[in-house]
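One structure below.
Protein chains: 2
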Amino acid sequence: MKVLITGGAGFLGQRLARALLARGELRDSQGRVRRIEQLVLADLVPAADFGDDRVRILTGDIADPAFLRQAIDTDTASVFHLAAVVSGQAEAEFELGMRINLDASRLLLDTCRALGHAPKVVFTSSVAVYGGRLPDLVRDDTALNPRSSYGTQKAIAELLLNDYSRRGFVDGRVLRLPTISVRPGKPNKAASSFASGIIREPLNGQASVCPVQPEAKLWLLSPGAAIEALIAGHELPAGVLEESRTINLPGLSVSVAEMLAALETLAGPEAVARVRFAPDPGIERIVNSWPAAWDVTRAKALGLAADADVASMIAAYVRETPGLSLERDR
Amino acid sequence: MKVLITGGAGFLGQRLARALLARGELRDSQGRVRRIEQLVLADLVPAADFGDDRVRILTGDIADPAFLRQAIDTDTASVFHLAAVVSGQAEAEFELGMRINLDASRLLLDTCRALGHAPKVVFTSSVAVYGGRLPDLVRDDTALNPRSSYGTQKAIAELLLNDYSRRGFVDGRVLRLPTISVRPGKPNKAASSFASGIIREPLNGQASVCPVQPEAKLWLLSPGAAIEALIAGHELPAGVLEESRTINLPGLSVSVAEMLAALETLAGPEAVARVRFAPDPGIERIVNSWPAAWDVTRAKALGLAADADVASMIAAYVRETPGLSLERDR
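First to last, the sequence lines map onto chains A and B.
Sequential numbering of the first sequence, starting at 1, is according to our numbering.
Sequential numbering of the second sequence, starting at 1, is according to our numbering.
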């Protein structure tokens with residue numbers, strides 16, 4: 001079988017690629033375990049191929065039909081659609097967000113539909129589909145009420161994937177990811193970028209600005225747990241998804257203050273001292289529109305899991321970052 | 001000001017046009033009461049102009065950007081977007097439904113956005129955005145879970161209108177219409193077509209087939225009350241819609257058996273005898289996925305109203321249909 005990852009050069013895409021190459025096989029929409037013969041990594045910029053000859057790198061625009069036809073062919077049994085314009089950028093550049101988050105997602109579904117064999121399609125979605133007056137615990141049947149263009153575009157992609165699946169065009173599943181923390185690398189234009197920055201930068205000896213209040217609550221998942229959930233979500237048989245193709249993934253509900261307390265325990269007060277609070281009303285408005293926690297009964301029943309606690313999320317980042325170690329381990 | 005009605009040749013479009021011409025004015029997005037100088041009726045087929053020189057008839061494809069640019073110009077202050085491919089047809093002809101219910105709605109929003117003055121845009125939506133396991137009373141914050149392509153497309157158009165309004169591109173409002181009954185004319189391809197047919201055909205001395213069980217519950221609104229709600233929804237100041245631009249309109253929750261009982265009271269047993277039950281699993285599946293009633297606290301607080309009872313809905317149809325009268329009035 002062939003597997004496509006869009007956004008394959010991105011942080012989650014690269015991590016998912018490594019995990020799939022190590023695993024070597026996936027269950028197709030007929031429930032058969034099949035060897036991954038080719039893993040296509042499509043992105044705007046060239047992805048790393050890890051020196052593995054199963055990897056095929058494609059560079060181009062995911063919203064271009066000709067590019068998608070290159071990326072998807074009759075042997076394509078699974079697609080992980082991770083490519084997206086992040087929340088802050090989709091708010092700042094409306095047309096770009098619509099083009100990538102909505103049009104490209106629809107084009108991808110239509111390209112898969114044209115194959116005729118209903119490939120598995122995994123979309124990642126986000127807390128940003130919720131907003132407005134929310135219950136303390138967001139449930140699977142809480143109304144979508146996005147307060148950002150990003151959330152709107154993700155909610156639309158969810159609806160499309162559900163309808164295409166209901167009609168048998170694809171065997172889709174949407175996994176709503178909590179905010180991923182701790183991401184490696186540099187800050188990005190996501191409104192939630194600080195959720196990694198306030199841990200990552202201090203650990204690397206750098207200053208970090210937190211644009212929300214210490215009381216602000218986030219719903220977090222580590223990169224490693226996210227990759228496990230993406231693969232587990234892919235492997236679920238379609239039969240258990242009849243009610244809805246959209247699954248709220250488990251996460252940890254944590255305040256910024258709790259994150260910094262865990263950072264202090266692991267890395268000392270000098271690490272926390274590198275974080276400066278400078279509230280940004282634009283980011284606060286977006287972040288505060290997201291739910292701080294959701295009911296994940298269904299996801300847990302399906303075998304999907306969150307991290308144990310914030311400390312283990314921070315420790316995972318340190319463990320996975322070359323050259324980094326915690327005070328206490330030095 | 002100019003006002004556009006898409007689907008202007010349709011039953012609701014024509015009725016809305018007559019009501020707007022009689023009214024002569026509307027409140028624009030700045031809250032100013034303005035005279036309707038021109039009423040554009042756009043549709044695939046030519047609309048009636050009622051011999052009123054304020055009416056301009058446009059015939060063409062609402063999903064064609066050039067046609068929409070003809071229909072909307074800098075003087076356009078309000079758009080009522082009623083054009084749609086109905087539920088049964090959108091299920092049977094997937095691409096057509098996507099093109100009209102989704103692409104044309106988005107194109108209309110983009111065309112309005114390009115005007116730069118955020119015109120008022122009224123979208124009609126439907127019970128079909130709900131589905132799956134539903135609470136007895138659907139609330140404004142009940143999750144959308146469409147089980148038809150029509151419902152999916154309407155839900156997406158709702159999300160787009162909300163985001164375009166939030167961003168200030170348009171001053172939009174979505175009115176979720178109950179099933180309209182009694183519609184005049186002939187059956188159409190809507191899954192709910194029978195909700196008018198089982199009243200209309202017997203009153204006209206014709207046989208009618210009911211494709212659902214007598215226990216099936218519908219959520220009904222008369223054409224007259226629907227037009228009043230469309231205009232009232234248009235006139236609402238944007239300030240009262242901050243929570244959401246989408247409003248569930250009040251309706252009556254009635255079973256098919258209750259409709260026929262009212263018909264019998266008004267038109268005698270011979271009228272009811274013209275209805276034959278022949279369950280159609282395809283239609284039953286769609287109709288039973290719709291909620292039978294919803295919480296309309298918000299709509300009522302905004303001054304929107306339903307019909308008094310089924311009997312008055314049937315009586316309204318008789319009153320508005322030339323040559324028809326009830327047994328009891330003869």
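By construction, the Cβ of each residue, glycine as well, lies at the ideal position given by its N, Cα and C atoms.
Integer-rounded CB distance, given that residue j should sit under 8 Å from residue i
| i | j | result |
| --- | --- | --- |
| A/I199 | A/I314 | 6 Å |
| B/P63 | B/G8 | Inspection of the sequence shows that residue 63 of chain B is occupied by Ala rather than by Pro. Rounded, the Cβ-Cβ distance is 15 Å, inconsistent with contact. |
| B/W294 | B/R147 | Not quite, the Cβ-Cβ distance comes to about 16 Å (not below 8 Å), so this is no contact. |
| B/K120 | B/D73 | Contact doesn't hold; Cβ gap of about 15 Å is too wide. |
| B/E264 | B/A257 | Not really, about 10 Å apart at Cβ, beyond 8 Å. |
| B/L44 | B/L107 | Going by Cβ atoms, the distance from B/L44 to B/L107 rounds to 15 Å, so no, they are not a contact pair. |
| A/A143 | B/T142 | 6 Å |
| A/G197 | A/P187 | 5 Å |
| A/Y164 | A/L109 | 5 Å |
| A/F169 | A/R245 | At roughly 12 Å, the Cβ-Cβ gap does not stay under 8 Å, so A/F169 and A/R245 are not in contact. |
| A/S125 | A/L58 | 24 Å between Cβ atoms; not a contact. |
| B/I36 | B/A17 | B/I36 to B/A17, Cβ: 10 Å. No contact. |
| B/E243 | A/G239 | The pair is not a contact, with the Cβ atoms about 38 Å apart (cut-off 8 Å). |
7 Å Cβ shell around residue i - same chain, five flanking residues per side excluded
| i | result |
| --- | --- |
| B/R330 | Because the pLDDT at B/R330 is just 49, under 50, the model does not fix this residue reliably, and the point stays unresolved. |
| B/L331 | Lying before the first or after the last residue shown, residue 331 of chain B is absent from chain B, which here runs from 1 to 330. |
| B/A353 | This structure leaves residue 353 of chain B out entirely; chain B is present only between 1 and 330. |
| B/A191 | S87, G88, I283, I286 and V287 |
| B/G31 | P237 |
| B/L102 | Q153, I156 and A157 |
| B/P291 | V127, Y130, L134, V138 and W219 |
| A/A262 | V310, A311 and I314 |
| A/F94 | S149 |
| A/G303 | A232 |
| A/P46 | A9, I57 and T59 |
| B/S253 | K217, W219, A292 and A293 |
| B/M259 | I198, I199 and V310 |
| A/A71 | L4, V40, A42 and L58 |
Same chain only: Cβ atoms within 6 Å of residue i, ignoring 5 sequence neighbours per side
| i | result |
| --- | --- |
| A/K2 | Q38, D75 and T76 |
| B/G27 | Note that residue 27 of chain B is Arg in the sequence shown, not Gly. Result list for B/R27: V33 and E235, in chain order. |
| B/A225 | D307 |
| A/R166 | none |
| A/S222 | D307, M313 and A316 |
| A/F194 | C210 and P211 |
| A/H117 | none |
| B/T152 | P146 |
| B/R298 | D140 |
| B/S29 | A118, K120 and D171 |
| A/V85 | L96, G97, I100 and N101 |
| B/V318 | L324 and L326 |
| B/V182 | S196, I199, R200 and Y317 |
In DSSP terms, what residue i is bridged to
| i | result |
| --- | --- |
| A/G172 | A/V121 |
| B/Q38 | B/K2 |
| A/C112 | Answer by DSSP bridge pairing: none, since A/C112 is not bridged. |
| B/S126 | B/L177 |
| B/W294 | B/V138 |
| A/N27 | As written in the sequence, residue 27 of chain A is Arg, which differs from the Asn given in the question. In the DSSP output, where bridge partners are listed per residue, A/R27 has A/V33. |
| A/T265 | Answer is none; A/T265 lacks a bridge partner. |
| A/I247 | A/L175 |
| A/S253 | A/W219 |
| B/D43 | B/T59 |
| A/S208 | A/V275 |
Own chain residues within Cβ distance below 8 Å of residue i, not counting five before or after
| i | result |
| --- | --- |
| B/E284 | P211, V212, Q213 and A216 |
| B/A92 | K189 |
| A/S255 | P214, E215, A216, K217 and L218 |
| A/P281 | none |
| B/R274 | E201, P202, G205, Q206, A207 and S208 |
| B/P279 | P211, V212 and Q213 |
| B/K300 | P250 |
The region 205-214 of chain A touching the region 317-327 of chain A, judged by at least three CB pairs closer than 8 Å: no
Sufficient close CB pairs (3 or more, under 8 Å) joining the region 245-265 of chain A to the region 220-237 of chain A: yes
Any 3 or more C-beta pairs closer than 8 Å across the region 153-169 of chain B and the region 152-159 of chain A: yes
Alpha helix (DSSP H) runs wholly inside the region 55-98 of chain B, at least 4 long, in chain order: 65-71, 87-92 and 94-97
Length-filtered (4 minimum) alpha helix (DSSP H) runs lying within the region 132-166 of chain A: 149-166
The region 46-53 of chain B in contact with the region 12-29 of chain B per 3-pair CB rule at 8 Å: yes
Unbroken stretches of the alpha helix (DSSP H), 4 residues or longer, contained in the region 213-238 of chain A: 223-235
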